[in-house]
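J.: The numbering of the sequence shown is the numbering used here, which starts it at 45 and goes up by one. Built from N, CA and C at the ideal position, the CB exists for glycine as well. If you're wondering where the values come from, they're calculated on a predicted model, not measured in any experiment. Just dropping this structure here.
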Amino acid sequence: MTTAVTTAVTTIYLNGHYLPLEDAHIPVMDRGFLFGDGVYEVIPVYSRRPFRLHEHLDRLQASLDSIRLANPHTPQEWEGLIARIVEQAESEDQGVYLQVTRGPGPRDHAFPKTPQPTVFILPLALTPPARELVESGVAAITAPDNRWLRCDIKATSLLPNVLLRQISVDAGCAETLLLRDGFLSEGSASNIFVVADGLLLAPPKSNLMLPGITYDVVLELARAHGIAHEVRPIAEAELRAACEVWLTSSTKEVLAVTTLDGQPVGDGRPGPVFRRMYAAYQDYKHTVMRGKEAV
């Protein structure tokens, strides 16, 4: 599957300045560069309206708290910075990437005594999954989840995810579904849902998975539309016997997995529960585009 996000414009924000992307530079001693010592967010924007902005900023705060780095901006300041980036970007629909690192310092594992965080905001063009992918579904493979034990932090140190995602790229698949100790955790770059006998199942939030914003939206929509669901651990055997498997993320939105490890999921087509959820998600997205947020 082709990537859903590509660079669309050149104006970015870096440490108090708006400037062309090609003119942006950070010190080589920045800890984000040296250690991956930082966190990030990707916020979808539809018709120049950020999607679940407060929830994304709350997750950013949780990630910063987890790495013991003070937030360099208040929520109101973040909103102003993001609003200006959104307004200046060429595209109506965007993926706003923001990153905060611990900033420059000696190459020492210990924190600098007075960190000076690096704040970077990049607007990206956001293209939803192609209609043919929605209608046919995508292929995925499984792999052992060999990442660290703080997957709930949206950290920039993504090498394990990169390697796991590349497994699916090499196999011509859209995603790698991760299994730890016999249970489903998440995808290399997405959350995963399973449908078994009409019941929508979601792995519970824990330190072993990123708490996805789209994951929350899907569960809210399930409640609002009367889709039976449970949040509980999902065994590998349940995943492999599932009638439906979905990927969810800010850029993928909701996609059906119709082939897993070379075998069809269900009848090999997006299932009826997926179709209900996809329609509900698109309706909700359009309420955001009209300036409303409630499910």
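What number of angstroms, rounded off, separates the C-alpha of K329 from the C-alpha of Y90?
T.: Residue mapping note: residue 329 aligns to position 285 of the sequence shown, counting from 1. Residue mapping note: residue 90 aligns to position 46 of the sequence shown, counting from 1. Cα to Cα, the separation comes out at about 8 Å.
J.: Answer with buried or exposed for G60, where buried requires no fewer than 16 other C-beta atoms within 10 angstroms of its C-beta.
T.: What you label residue 60 is simply residue 16 of the sequence shown in a count that begins at 1. With fewer than 16 Cβ atoms within 10 Å of its Cβ, G60 is classed as exposed.
J.: Quick test of your reading: A187 and T220, contact by CB under 8 Å. State the CB separation rounded to the nearest angstrom.
T.: As a working note, residue 187 is residue 143 in the sequence shown. As a working note, residue 220 is residue 176 in the sequence shown. Confirmed, about 5 Å.
J.: Out of P247, L252, L299, L291, which has the shortest C-alpha to C-alpha gap to P277?
T.: The residue given as residue 277 occupies position 233 in the sequence shown. The option with the nearest alpha carbon to P277 is P247.
J.: Cutting at 7 Å between CB atoms, please list the residues of its own chain near M333, excluding the five before and the five after it.
T.: Indexing the sequence shown from 1 puts residue 333 at position 289. Closer than 7 Å at the Cβ level, and outside the excluded window around M333, lie Y90, S91, R93.
J.: Give every residue of the same chain whose Cβ lies closer than 8 Å to the Cβ of L108, excluding the five residues on either side of it in the sequence, and list them in chain order.
T.: The residue labelled residue 108 in the question sits at position 64 within the sequence shown. Excluding sequence neighbours, L108 sits near V83, A114, N115, V144.
J.: Leaving out five residues before and five after L58 in sequence, what residues of the same chain have Cβ atoms less than 6 Å from its Cβ?
T.: Locating residue 58 in the sequence shown gives position 14, where the first residue counts as 1. Around L58: A68, F164.
J.: In its own chain, which residues sit with a C-beta less than 6 Å from the C-beta of A281, not counting the 5 before and 5 after it?
T.: Against the sequence shown, residue 281 aligns to sequence position 237. Taken in chain order, the list of residues that qualify is empty.
J.: Taking the alpha carbon of T158 as the point to measure from, which residue in R112, R313, F227, E85 has its own alpha carbon closest?
T.: What you label residue 158 is simply residue 114 of the sequence shown in a count that begins at 1. If we check each option's Cα against that of T158, R112 comes out closest.
J.: Return the Cβ separation of D196 and L222 in integer angstroms, given the expectation that the two are a contact with Cβ distance under 8 Å.
T.: Within the sequence shown, numbered from 1, the residue matching residue 196 stands at position 152. Within the sequence shown, numbered from 1, the residue matching residue 222 stands at position 178. In fact, because the Cβ distance is near 14 Å, the residues do not count as touching under 8 Å.
J.: May I ask you to report which of helix, strand or coil DSSP gives T220?
T.: Position 176 of the sequence shown, counted from the start, is the residue given in the question as residue 220. Reduced to three states, the DSSP call for T220 is strand.
J.: With which residues is D74 paired in a DSSP beta bridge?
T.: Taking the sequence shown and counting its residues from 1, one reaches residue 74 at position 30. Note: D74 sits in a beta bridge opposite P148.
J.: Hey, I87 and H100 are a contact pair by Cβ (cut 8 Å); roughly how many whole angstroms apart?
T.: For this step, residue 87 is matched to residue 43 along the sequence shown. For this step, residue 100 is matched to residue 56 along the sequence shown. Confirmed, about 5 Å.
J.: Taking DSSP as the reference, what is the three-state secondary structure of T331?
T.: In the sequence shown, the residue the question calls residue 331 occupies position 287. Here T331 sits in helix by DSSP.
J.: How should P64 be labelled, buried or exposed, when 16 other C-beta atoms within 10 angstroms of its C-beta is the threshold for buried?
T.: Residue numbering aside, residue 64 sits at position 20 when the sequence shown is read from its first letter. So P64 counts as exposed.
J.: Kindly indicate the opening and closing residues of the alpha helix (DSSP H) around G124.
T.: The count along the sequence shown starts at 1 and reaches residue 124 at position 80. That run of the alpha helix (DSSP H) goes 119 to 132.
J.: Would you call the CB atoms of M321 and V275 closer than 8 Å?
T.: The residue given as residue 321 occupies position 277 in the sequence shown. The residue given as residue 275 occupies position 231 in the sequence shown. Not in contact: M321 and V275 (Cβ atoms no closer than 8 Å).
J.: Output the distance between the C-alpha atoms of Q132 and E176, rounded to the nearest integer angstrom.
T.: As a first step, residue 132 is located in the sequence shown; it is residue number 88 there, counting from the start. As a first step, residue 176 is located in the sequence shown; it is residue number 132 there, counting from the start. C-alpha separation (whole angstroms): 31 Å.
J.: According to DSSP, is I197 helix, strand or coil?
T.: As a working note, residue 197 is residue 153 in the sequence shown. Coil.
J.: So, with DSSP's three-state summary, where would you put I185?
T.: Walking along the sequence shown from the start, residue 185 turns up at place 141. In the structure shown, I185 sits in a strand (DSSP, three-state: E or B).
J.: Along the chain, where does the alpha helix (DSSP H) containing S212 start, and where does it finish?
T.: By 1-based counting over the sequence shown, the position of residue 212 is 168. Counting along the chain, the alpha helix (DSSP H) containing S212 begins and ends at 203 to 214.
J.: Considering only their Cβ atoms, is the gap separating L166 from Y141 smaller than 8 Å?
T.: Here the question's residue 141 lines up with position 97 in the sequence shown. Here the question's residue 166 lines up with position 122 in the sequence shown. Against a cut-off of 8 Å, the Cβ pair of L166 and Y141 comes out as a contact.
J.: Between which two residues does the alpha helix (DSSP H) harbouring V309 extend?
T.: Along the sequence shown, one-based indexing puts residue 309 at 265. Careful: V309 lies outside any alpha helix (DSSP H) and carries neither H nor E.
J.: I think T295 touches G139, with their Cβ atoms under 8 Å apart; what is that distance to the nearest whole Å?
T.: Indexing the sequence shown from 1 puts residue 295 at position 251. Indexing the sequence shown from 1 puts residue 139 at position 95. Confirmed, about 6 Å.
J.: What number of angstroms, rounded off, separates the C-alpha of A218 from the C-alpha of F77?
T.: Numbered from its first residue, the sequence shown carries residue 218 at position 174. Numbered from its first residue, the sequence shown carries residue 77 at position 33. Taking the straight line joining both Cα atoms gives about 28 Å.
J.: From L243 to A272, what does the alpha carbon distance come to, in whole angstroms?
T.: Against the sequence shown, residue 243 aligns to sequence position 199. Against the sequence shown, residue 272 aligns to sequence position 228. Their Cα atoms are separated by approximately 5 Å.
J.: Can you tell me which of the three DSSP states Q160 falls into?
T.: Residue 160 sits at position 116 when you count from the first residue of the sequence shown. It is coil, neither helix nor strand.
J.: Does the Cβ of S250 have 16 or more other Cβ atoms within 10 Å, making it buried, or fewer, making it exposed?
T.: Within the sequence shown, numbered from 1, the residue matching residue 250 stands at position 206. Result: exposed.
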